[in-house]
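In what follows, a single structure is set out as structure tokens and then discussed.
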Ligand SMILES: [Zn+2]
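In the working numbering, the protein residues as written are 2 to 139.
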């Protein structure tokens, strides 16, 4: 192997992209500074993602809550999504033989790809929510 291909085969720092010239072959960073910077950025990204999910859950909740306050218990998915509802996010779900019941905090609903129905507040919410509690048989 000539020197150029030797260099080419050296691992690359995940943070700065420099070749890692010293240390074990499975080394991921050229220096401690790069390592710290990399993991800090990763943690920051993770926090930002969690904040984004929580904001969207709040948005979903506000939409469902406003529907309930207006006396609306069912809505088309296209309308909901145009209001900013994101169907992929819920705080819990429960599968029965015939349907899946979702919840966004203390609001439950039945969801199909085209529609939400049976939107209502869960009475007597207890924390922590137990897995498999009977939410729908009321
Ligand atoms: Zn580096």
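Where is the CB? At the ideal position from N, CA and C, for every residue including glycine.
Just list the residues that DSSP pairs residue i with in beta bridges.
i	result
residue 112	117
residue 95	102
residue 13	20
What span of residues does the alpha helix (DSSP H) with residue i cover, start to end?
i	result
residue 127	Counting along the chain, residue 127 falls outside any alpha helix (DSSP H), and DSSP gives it neither H nor E.
residue 53	33-70
residue 8	4-9
residue 81	78-83
Would residue i and residue j qualify as a contact pair, given that the criterion is a beta-carbon distance under 8 Å?
i	j	result
residue 74	residue 118	yes
residue 69	residue 121	yes
residue 21	residue 14	yes
residue 125	residue 90	no
residue 104	residue 93	yes
residue 108	residue 59	no
residue 84	residue 57	no
residue 12	residue 36	no
Mark residue i as exposed unless 16 or more other C-beta atoms lie within 10 angstroms of its C-beta, in which case mark it buried.
i	result
residue 31	buried
residue 5	exposed
residue 110	buried
residue 112	buried
residue 55	exposed
residue 3	exposed
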